[in-house]
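>
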Amino acid sequence: MCYNVQNNVKIHRIAGIFLIIINNRDEFQGNFKVWFCGIIEEDLMRVSDKNIDRIYVNTANRSADYKMTDNHYHNYYELYYVRHGKVRFYVDNSLYTMQGGDFILIPPKSIHYVHYLSQSTRINIYFKESDLYNNGVPFMANITDRFLHTMIMHVPRIYRDNIHTLIDFMVAEENVDDASTAVLQRLMLHHLLLYCNRYCIFRTDSDDDDNSDKILESVKYIDENYNQPITLDLLSKLAGFSPSYFSKKFRQTTGTGMKEYLTYVRLTHAVTELMSTDHSITEIAINSGFGDSNYFKDAFKKMHNMSPREYRRTMLDKYVLSEGNKK
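Counting in our numbering, the sequence shown runs from 2 upward without gaps.
This is the structure:
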């Protein structure tokens, strides 16, 4: 069941047939074509009388001049992801600006509307609360605190490949749509939310408070400038905060310290260069933003339990072995 909140128009689907019930016949004039288009889009999902019958996923490209016909709500959760572009979401009287790499979670019966600020690619994942439980037990311990209310989840750039791979699998599975699809989508949603729990930066504040947004800008700055000199003083000045407040807010927003996050980003890029080039360890350290190769080696060993040289040799041996097994 769907509702046009402003015009009080009810749409029911019964045995595959849509019925439009209009309380005031005058409201019908000029609105049928819009609602008919909306019904066509909704027909991509099999909708029962009160809810969806499994997890559904769809993707779409939207231009900046695309307009939603109305604000709306539904009886299930919507996980909305901006893969590319920029949008502004209205959810229950709050505004949230989102860019590529941002999720927003919309609870059931929350009135919402999206305005596209640029050419954008979005993914919608629809699910019920029961999809997050196995035999009455939540699949993740903190599921209620983490995922059952309106929030923004930002995926730092270095983690997006993992997230995009899962989303792509879910989109592809919609095209299969066989007896196994419901189970597979459920498993992949759990996998996706576990990744979000591990990697995403969570925020619940709307655009009225931009302190968290400034921290997100700092995260993006690190992602894009990891190989340059970056200090606490530099980032706090860019955000307009004192160093002590910036450190506190960064940890509060991201769940980790600024220096720890910077080191992690640099090490992630170092691993990529280590496995894709024959550069020396010193070259890789410098290219990844480490001014001191000894510090780089210590940090690398702390993260991977082996030196960069040992890591390269071990991964190369595994690759050679796997290629040999294919023959």
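Here a beta-carbon is modelled for each residue, glycine too, at the ideal position from N, C-alpha and C.
With a floor of 3 residues, list each beta strand (DSSP E) that falls wholly inside the segment 247 to 299, ordered by position along the chain.
With a minimum length of 3 residues, no continuous beta strand (DSSP E) run stays inside the segment 247 to 299.
> Taking only three categories from DSSP, how would you classify H73?
Position 72 of the sequence shown, counted from the start, is the residue given in the question as residue 73. If DSSP states are grouped into helix, strand and coil, H73 belongs with the strands.
> Enumerate, from N- to C-terminal direction, the unbroken beta strand (DSSP E) stretches of 3 or more residues contained entirely within the segment 145 to 179.
Complete beta strand (DSSP E) runs here, min 3: 152 to 155.
> Distance, Cα to Cα, F247 vs F104?
Here residue 247 refers to the residue found at position 246 of the sequence shown. Here residue 104 refers to the residue found at position 103 of the sequence shown. The straight-line gap from Cα to Cα measures roughly 24 Å.
> Look at the alpha carbon of T278 and the alpha carbon of N288, and state the distance between them as a whole number of angstroms.
Taking the first residue of the sequence shown as position 1, residue 278 is located at position 277. Taking the first residue of the sequence shown as position 1, residue 288 is located at position 287. One C-alpha to the other measures close to 12 Å.
> Out of R204, I285, A271, which has the shortest C-alpha to C-alpha gap to K250?
The residue labelled residue 250 in the question sits at position 249 within the sequence shown. K250 has its Cα closest to that of R204, out of R204, I285, A271.
> Looking at the strands, I want to know which residues DSSP matches up with Y331.
The question about residue 331 has no answer here: the residues shown for the chain are numbered 2 through 328.
> Flag this pair as touching only if the segment 111 to 129 and the segment 81 to 100 have three or more C-beta atom pairs under 8 Å; answer yes or no.
Contact between the segment 111 to 129 and the segment 81 to 100 is present, because at least three Cβ pairs lie under 8 Å.
> Can you say whether R314 is buried or exposed, counting buried as having 16 or more other CB atoms within 10 angstroms of its CB?
Your numbering for residue 314 matches position 313 in the sequence shown. R314 should be labelled exposed.
> Between the alpha carbons of P108 and D318, how many angstroms are there, rounded?
Residue numbering aside, residue 108 sits at position 107 when the sequence shown is read from its first letter. Residue numbering aside, residue 318 sits at position 317 when the sequence shown is read from its first letter. Roughly 48 Å between the two C-alpha positions.
> Please determine, among I53, L118, K302, the residue with the shortest C-alpha to C-alpha distance to M69.
Along the sequence shown, one-based indexing puts residue 69 at 68. If we check each option's Cα against that of M69, L118 comes out closest.
> Thinking just about the alpha-carbon of each residue, which of M316, V321, L80, Y57 is nearest to the one in N176?
Counting from one through the sequence shown, the residue named residue 176 turns up at place 175. The candidate whose alpha carbon is nearest that of N176 is Y57.
> Report the residue from L217, E225, M152, R161 whose alpha carbon sits nearest the alpha carbon of A240.
If you number the sequence shown from 1, residue 240 lands on position 239. The shortest Cα separation from A240 among L217, E225, M152, R161 belongs to L217.
> Whole-angstrom Cβ separation of F148 and L194, contact assumed at under 8 Å?
Here the question's residue 148 lines up with position 147 in the sequence shown. Here the question's residue 194 lines up with position 193 in the sequence shown. That pair is a contact at about 6 Å.
> Can you list, in chain order, the residues of its chain with a C-beta nearer than 6 Å to that of Y200? Leave out the 5 residues immediately preceding and following it.
The residue you call residue 200 lines up with position 199 of the sequence shown. Hits under 6 Å: Y160.
> Pull up the CB-CB distance for M141 and N198, whole angstroms please, since I reckon it's below 8 Å.
The residue labelled residue 141 in the question sits at position 140 within the sequence shown. The residue labelled residue 198 in the question sits at position 197 within the sequence shown. Correct: roughly 7 Å between the Cβ atoms.
> Using the Cβ count rule (16 or more neighbours within 10 Å means buried), how would you classify R26?
As a first step, residue 26 must be located in the sequence shown, where it is residue number 25. Its pLDDT being 36, under 50, R26 is placed unreliably by the model, and the measurement read from it follows with that caveat. Counting Cβ neighbours within 10 Å, R26 comes out exposed, since fewer than 16 surround it.
> On the CB-based measure, 16 or more other CB atoms within 10 Å of its CB, does M99 come out buried or exposed?
Position 98 of the sequence shown, counted from the first residue, corresponds to residue 99. With 16 or more Cβ atoms within 10 Å of its Cβ, M99 is classed as buried.
> What does P108 pair with, by DSSP beta-bridge criteria?
Locating residue 108 in the sequence shown gives position 107, counting from the first residue. Bridge partners of P108: none, in fact.
> For D50 and S181, what's the separation of their Cα atoms in angstroms?
Taking the sequence shown and counting its residues from 1, the one referred to as residue 50 is at position 49. Taking the sequence shown and counting its residues from 1, the one referred to as residue 181 is at position 180. Here the model assigns D50 a pLDDT of 37, short of 50, so the residue's position is not dependable and the matter cannot be decided.
> In angstroms, rounded to a whole number, what distance separates the CA positions of I53 and D206?
Reading the sequence shown from its first residue, position 52 is the one you call residue 53. Reading the sequence shown from its first residue, position 205 is the one you call residue 206. Each residue's alpha carbon lies about 29 Å from the other.
> Going by beta-carbon coordinates alone, are Y222 and G290 separated by less than 9 Å?
Sequence index remark: in the sequence shown, residue 222 carries index 221 (1-based). Sequence index remark: in the sequence shown, residue 290 carries index 289 (1-based). Contact flag unset, no.
> So the alpha helix (DSSP H) T182 belongs to, where does it begin and stop?
For the purposes of this step, residue 182 is taken as residue 181 along the sequence shown, with counting starting at 1. First-last of the alpha helix (DSSP H) with T182: 182 to 200.
> Let me make sure I understand the geometry here. Which of D132, S64, Q253 has the alpha-carbon closest to that of L190?
Walking along the sequence shown from the start, residue 190 turns up at place 189. L190 has its Cα closest to that of D132, out of D132, S64, Q253.
> Which residues share a DSSP beta bridge with V115?
The residue you call residue 115 lines up with position 114 of the sequence shown. Answer is F90, bridged to V115.
> Excluding sequence positions up to five away, which residues of its chain have a Cβ less than 6 Å from the Cβ of Y127?
Counted from its first residue, the sequence shown places residue 127 at position 126. Counting only Cβ-Cβ distances below 6 Å, and skipping sequence neighbours, we find I53, Y57, Y77, E79.
> Leaving out five residues on either side along the sequence, give the residues of the same chain with a beta carbon under 7 Å from the beta carbon of L275.
One-based indexing of the sequence shown puts residue 275 at position 274. Cβ within range, chain order: I285, P309, Y312, R313.
> Please classify I15: is it buried, with 16 or more other beta-carbons within 10 angstroms of its beta-carbon, or exposed?
The residue labelled residue 15 in the question sits at position 14 within the sequence shown. Note on I15: pLDDT 31, under 50, position unreliable in the model; the coordinate value appears next. Classification for I15: exposed.
> Determine the direct distance from the alpha carbon of E261 to that of L236, and round the result to whole angstroms.
What you label residue 236 is simply residue 235 of the sequence shown in a count that begins at 1. What you label residue 261 is simply residue 260 of the sequence shown in a count that begins at 1. Rounded to whole angstroms, L236 to E261 spans 14 Å at the Cα level.
> Using C-beta distances below 8 Å, list every residue in its chain close to L1, excluding the 5 sequence neighbours before and after it, in chain order.
Only positions 2 to 328 of the chain appear in the structure, and residue 1 is not among them; the question remains open.
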